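Numbering (full-length UniProt numbering), first residue to last: 1 to 34.
These notes are about the structure you will find just below.
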């Protein structure tokens, strides 16, 4: 895994997290902040 301080890795993880979160049924509005 890349370093946790790697800005590109952080951005990629956040994009994937947000994509997955936006596509779940039922919606993920009750999920805790990551």
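Think of the CB as a built atom: it goes at the ideal place given N, C-alpha and C, for glycine as much as any other residue.
Being a predicted model, the structure only gives us computed values, none of them experimental.
Please report how far the alpha carbon of residue i lies from the alpha carbon of residue j, in whole angstroms.
i, j, result
"residue 4", "residue 10", "7 Å"
"residue 26", "residue 17", "16 Å"
"residue 22", "residue 29", "9 Å"
"residue 1", "residue 19", "21 Å"
"residue 12", "residue 6", "10 Å"
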